[in-house]
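> Quick note on numbering: my numbering labels position 108 of the sequence shown as 104, and the sequence is numbered without any gaps. My questions all concern the structure below.
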Amino acid sequence: MERALLVYTTFADAETALAVGESLVRDRLAACVNVLPGMRSVYAWKGAVERGAEVVALVKSREGLGPELAAALKARHPYETPIILHLAVDAADPDTLAWILAETTGAA
């Protein structure tokens, strides 16, 4: 059986994260997107150390949609180089996995 996929990404604000998340769910690339506000980041960017406020988005999907999901996320993301990390899920509750698989079929 196909495994679940968790994708970690960040956005500058919650409204953008929610809008992109909703589009991914509507396109059946994600079963759910959790948006966690209030994160502070320190990061290297173009030779400088930057600080900023961001939100985390955790995208719940299926492993087979990884490339399609990443492409859709990049196309909709406002960052020049968005963080898109595919986090392997070794196991999931059977009911949770069944729900994720039922809700994700990929873009039509």
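Positions of the beta carbon are idealized from the N, C-alpha and C atoms, including for glycine. Quantities reported herein were computed from a predicted structural model and do not represent experimental measurements.
Does DSSP put Leu25 in a helix, a strand or coil?
Note: Leu25 maps to coil in three-state DSSP.
> What does a CB cutoff of less than 6 Å around Ser37 pick up in its chain, not counting 5 residues either side in sequence?
Cβ neighbours of Ser37 beyond the five flanking positions: Gly48, Glu50.
> Based on Cα-Cα distance, which residue from Ala27, Asp86, Ala87 lies nearest to Ala98?
Cα-wise, what sits closest to Ala98 is Ala27.
> Which residues bound the beta strand (DSSP E) around Glu48?
With the sequence shown as reference, residue 48 is identified as Gly, and Glu is not the correct amino acid for it. 44 to 58 is the extent of the beta strand (DSSP E) around Gly48.
> Can you tell me where the alpha helix (DSSP H) holding Thr92 begins and where it ends?
Run containing Thr92: 90 to 99, per the alpha helix (DSSP H) assignment.
> Determine the direct distance from the alpha carbon of Val29 to that of Ala53, and round the result to whole angstroms.
Going by the C-alpha atoms only, they are around 6 Å apart.
> In this structure, how does DSSP classify Ala0 when only helix, strand and coil are distinguished?
Ala0: strand per DSSP, three-state reduction.
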